[in-house]
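Numbering (this note's numbering), first residue to last: 311 to 574.
Glycine residues also receive a C-beta, built at the ideal position from the N, C-alpha and C atoms.
Computed from a prediction, not measured in an experiment: that's the story for all the values here.
Quick notes on the structure that follows.
Okay, here's the thing in structure tokens:
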């Protein structure tokens with residue numbers, strides 16, 4: 311603590327800058343992650359809606375890599391950006407100061423299979439992560455990244471092959487403009503959805519969806535059955551079947567599906 315001219319104790323700059331983090335959280339089990347590995351974002355979102363959990367789509371981020379098979383499933387760790395304020399953090403210290411923030415701290419906390427979820431207020435100007443940081447994330451075994459903001463070093467980041475969902479790219483580094491990395495592994499709002507550390511993330515070409523940990527296994531079992539039914543319906547439509555007979559799969563179409571599964 312420092313004492314000002316009025317004799318009042320004040321926190322030092324370094325204390326105010328230090329990254330905040332939540333209490334320890336429970337990561338999802340390997341079984342939970344594996345169960346969701348074959349579930350699409352669309353199916354997860356629809357099934358959660360049927361379960362009464364309706365705000366699960368992380369609106370805004372899209373795949374940085376446009377390959378048709380881009381996808382990830384894993385447990386969430388979180389990073390929160392907040393607006394800069396000159397008496398706390400102004401970005402004037404440039405990138406060196408970022409080493410004292412939650413940005414470096416969250417990367418040091420990454421474990422194999424983690425999905426980093428970054429709350430950046432959909433900023434067009436903050437490059438939350440770049441080549442070096444994504445490279446380190448990959449080396450620590452991170453599975454994927456979801457950012458409601460932008461990244462930089464796009465070509466090098468794409469070459470690393472880490473699945474990333476973001477709102478675009480920028481030449482700026484993380485604290486160059488209006489935000490700074492404030493806290494990690496705390497609840498965050500990302501693209502209109504609440505993500506808490508330990509939730510699961512399912513993301514593919516349709517976007518990213520947050521799955522509460524307690525719902526993961528039941529959701530996966532129901533989702534895989536749903537996808538199997540849809541694959542049956544898709545085959546029947548391709549063979550000339552009527553839409554009303556096979557989608558949605560009910561009545562005689564459902565009976566046909568169940569019979570084909572029993573026969574198989």
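Using three-state DSSP, classify residue i as helix, strand or coil.
{"i": "residue 432", "result": "coil"}
{"i": "residue 395", "result": "strand"}
{"i": "residue 384", "result": "strand"}
{"i": "residue 514", "result": "strand"}
{"i": "residue 479", "result": "strand"}
{"i": "residue 326", "result": "The predicted position of residue 326 is uncertain, since its pLDDT is 43 and thus under 50; a value taken from the coordinates is nonetheless stated next. Three-state DSSP puts residue 326 in a helix."}
{"i": "residue 538", "result": "helix"}
{"i": "residue 490", "result": "strand"}
{"i": "residue 460", "result": "strand"}
{"i": "residue 555", "result": "helix"}
{"i": "residue 424", "result": "strand"}
{"i": "residue 503", "result": "strand"}
{"i": "residue 389", "result": "strand"}
{"i": "residue 571", "result": "helix"}
{"i": "residue 561", "result": "helix"}
Is residue i buried or exposed, if buried means 16 or more other CB atoms sit within 10 Å of its CB?
{"i": "residue 459", "result": "buried"}
{"i": "residue 433", "result": "buried"}
{"i": "residue 416", "result": "buried"}
{"i": "residue 360", "result": "exposed"}
{"i": "residue 336", "result": "exposed"}
{"i": "residue 477", "result": "buried"}
{"i": "residue 334", "result": "exposed"}
{"i": "residue 499", "result": "exposed"}
{"i": "residue 501", "result": "buried"}
{"i": "residue 570", "result": "exposed"}
{"i": "residue 393", "result": "exposed"}
{"i": "residue 326", "result": "In this predicted model, residue 326 has a pLDDT of only 43, less than 50, meaning its place in the structure is not dependable enough to derive any value."}
{"i": "residue 562", "result": "exposed"}
{"i": "residue 376", "result": "exposed"}
{"i": "residue 430", "result": "buried"}
{"i": "residue 329", "result": "buried"}
{"i": "residue 362", "result": "exposed"}
{"i": "residue 424", "result": "buried"}
{"i": "residue 422", "result": "exposed"}
Cβ of residue i within 7 Å of Cβ of residue j?
{"i": "residue 551", "j": "residue 483", "result": "no"}
{"i": "residue 453", "j": "residue 384", "result": "yes"}
{"i": "residue 509", "j": "residue 412", "result": "no"}
{"i": "residue 507", "j": "residue 388", "result": "yes"}
{"i": "residue 474", "j": "residue 450", "result": "no"}
{"i": "residue 444", "j": "residue 470", "result": "yes"}
{"i": "residue 351", "j": "residue 513", "result": "yes"}
{"i": "residue 332", "j": "residue 505", "result": "no"}
Among the residues of its own chain, which have a CB less than 8 Å from the CB of residue i, if the five just before and after it don't count?
{"i": "residue 527", "result": "341, 342 and 345"}
{"i": "residue 480", "result": "434, 435, 436, 437, 460, 461 and 462"}
{"i": "residue 366", "result": "354, 355, 358, 359, 503, 519, 520 and 521"}
{"i": "residue 465", "result": "none"}
{"i": "residue 565", "result": "none"}
I believe residue i touches residue j by the beta-carbon criterion, under 8 Å. Please report the beta-carbon distance rounded to the nearest angstrom.
{"i": "residue 520", "j": "residue 503", "result": "5 Å"}
{"i": "residue 511", "j": "residue 398", "result": "Contact doesn't hold; Cβ gap of about 30 Å is too wide."}
Spatial neighbours of residue i within its chain, please: CB distance less than 7 Å, with the 5 preceding and 5 following residues excluded, ordered by chain position.
{"i": "residue 539", "result": "559 and 567"}
{"i": "residue 515", "result": "373, 378 and 380"}
{"i": "residue 554", "result": "none"}
{"i": "residue 348", "result": "534"}
{"i": "residue 532", "result": "357"}
{"i": "residue 529", "result": "354, 357, 358 and 521"}
{"i": "residue 448", "result": "470 and 472"}
Would you say residue i faces chain C, with C-beta separation under 7 Å as the test?
{"i": "residue 447", "result": "Of the chains in the structure shown, none is chain C; there is only one protein chain."}
Between residue i and the rest of its own chain, which residues show a CB-CB distance below 6 Å, the 5 nearest in sequence each way excluded?
{"i": "residue 446", "result": "417"}
{"i": "residue 428", "result": "389, 438 and 457"}
{"i": "residue 455", "result": "426 and 474"}
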